[in-house]
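The opening position of the sequence shown corresponds to residue 1481 in my numbering, with each subsequent residue numbered one higher.
These notes concern the structure reproduced below.
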Amino acid sequence: MVANNRLICYYSDERDTAHSQKLVHQTTTDGIHWSSVVNDVALSDSRQRPGMAVVTKMPDGNYIMTYEIIGNPGGAFYKISSDPESWNQADAGTCFDPSGSGPYCVNLNGTILLSSGGNNKLYTNQNNGIGSWTQIDSIIGACYSRCLVPMRNGRLFVIGAGWNGSGLNKVTYGDMSVVTTPDTNVKLVNRATGLCMDGYGNTTNGSDCSQYASNSSNNQKWVLEQSGSNYMIRNTATGLYLDGMARTSNGSVCGQWSNSGSNNQKWLRESTNNFYKFKNVTTGLYLDGMGATANGSNLCQWAASTSYNQQWSVVTT
């Protein structure tokens, strides 16, 4: 990358005995003389191997770096910096695909797109990497490494490398349009109580989620983001996601948390007549109004039942 009047070369480095692998960069102004090595991702757990860095500039002037981490926790990650030569090396970043690898990032006409090699989808964001990501279909599906190239005609060129193995790897390619749609806000109204799921303006990770009589506040507006066969449920006011918090006891309270990509934030939506039930992937419990009719009462989880407490209408606002 050319930035700050220098050529920056990012690469994976195994030479430091304190790390299994780390991400670093060096710079040059003449292509001959290079700066000393600067760490970009060098984690305290020496068993973790960050690798395959890709960096792109976003519309607001900040930069986003994607990379994989092999280890526990691992997956496909990103982090953002105002300076492409300063990345806070100890920060592992944000995981956007816990089972992902070989990620890639580009800026296509103001839309940031992320790819994760083992995922059939692409991730899109129109807010310079801040907030939620929407998954869209890719013309080239899961593969060992998938490269994204923005084209002058506004389309996205996608190149996929095959999987490593004993046979030949085929390289596939295609181009696609990227259509982004605005978030659709909905209210989730409990069938038994008539109260709405409410973020209550709580912006702190781990804060409880509540129920409240219907009003026009963004606290009651939610976006259902599809994640495979499940949904992630994001509050419009707080930007946090409905989270089962790995609480497996009947009556445990649901919380809110920033996007982690974990199964705690994934809910299976089940249709029942004209209503829906939401089952947490981690806990196996269902979103339950608990028959509570008081404003501010907690939103909880409970084992499957036929009660109206577990049935919700989804109302577009």
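Backbone N, C-alpha and C define an ideal beta-carbon position, used for all residues, glycine too.
Owing to the predicted nature of the structure, the values given are computational and were not obtained by experimental measurement.
Of the listed residues the options, nearest to residue i (C-alpha basis)
| i | options | result |
| --- | --- | --- |
| C1585 | K1537, E1565, S1566 and D1571 | K1537 |
| N1710 | S1751, M1677 and N1699 | S1751 |
| G1735 | Q1706, K1757, N1685 and N1754 | N1685 |
| T1786 | N1739, F1755 and N1744 | F1755 |
| D1617 | L1487, G1654, N1600 and V1638 | N1600 |
| T1798 | Y1680, M1631 and R1749 | One cannot answer for residue 1798 here, as it falls past the ends of the chain, which runs 1481 to 1797. |
| R1749 | M1481, L1668 and N1568 | L1668 |
| T1509 | M1481, K1759 and Q1528 | M1481 |
Neighbourhood of residue i by C-beta, 6 Å cutoff - its chain only, sequence neighbours within 5 removed
| i | result |
| --- | --- |
| V1733 | D1688, N1778 and C1780 |
| S1596 | A1556, D1577, G1580 and P1583 |
| A1483 | P1564 |
| A1726 | N1744 and T1762 |
Own chain, CB closer than 8 Å to residue i, minus 5 neighbours either side, in chain order
| i | result |
| --- | --- |
| Q1691 | N1670, T1673, L1675, C1676, M1677, D1678, G1769, A1772, N1775, G1776, S1777, N1778 and L1779 |
| A1570 | A1522, L1523 and S1524 |
| D1496 | K1502 and A1522 |
| A1693 | G1674, L1675, C1676 and N1775 |
| D1540 | N1608 |
| V1629 | V1586, L1636, F1637, V1638 and I1639 |
| M1656 | S1618, I1619, R1635, L1636 and V1638 |
Rounded C-alpha distance that separates residue i from residue j
| i | j | result |
| --- | --- | --- |
| P1705 | Y1721 | Here residue 1705 is Glu; the residue named in the question, Pro, does not match the sequence. Distance between the alpha carbons of E1705 and Y1721: 10 Å. |
| P1530 | E1548 | 5 Å |
| S1566 | I1560 | 10 Å |
| L1602 | I1512 | 38 Å |
| F1557 | Y1490 | 16 Å |
| S1515 | N1542 | 23 Å |
| T1762 | D1520 | 33 Å |
| V1703 | N1485 | 42 Å |
| S1581 | G1621 | 13 Å |
| Q1745 | S1793 | 20 Å |
| D1493 | V1504 | 7 Å |
| N1552 | G1573 | 14 Å |
| W1737 | G1611 | 12 Å |
| A1533 | Y1624 | 15 Å |
| G1642 | Y1653 | 11 Å |
| W1747 | T1507 | 45 Å |
| G1554 | H1499 | 15 Å |
| L1765 | N1730 | 8 Å |
| G1634 | R1626 | 19 Å |
| Q1606 | K1650 | 32 Å |
| T1604 | S1526 | 32 Å |
| L1487 | M1545 | 16 Å |
| N1568 | I1550 | 19 Å |
Counterpart residues of residue i in DSSP-defined beta bridges
| i | result |
| --- | --- |
| P1630 | L1636 |
| W1514 | T1508 |
| D1723 | G1735 |
Nearest-angstrom Cβ-Cβ length linking residue i and residue j, presumed shorter than 8 Å
| i | j | result |
| --- | --- | --- |
| T1664 | T1796 | 6 Å |
| S1807 | C1575 | In this structure the chain extends from 1481 to 1797, so residue 1807 is not present and cannot be described. |
| W1782 | Q1790 | 7 Å |
| V1658 | L1593 | 7 Å |
| K1701 | T1683 | Rounded, the Cβ-Cβ distance is 15 Å, inconsistent with contact. |
Neighbourhood of residue i by C-beta distance below 7 Å, restricted to the same chain and skipping five residues each side
| i | result |
| --- | --- |
| G1598 | S1579, G1580, S1581 and A1622 |
| N1743 | V1761 and T1762 |
| A1784 | Y1766 |
| N1589 | G1634 |
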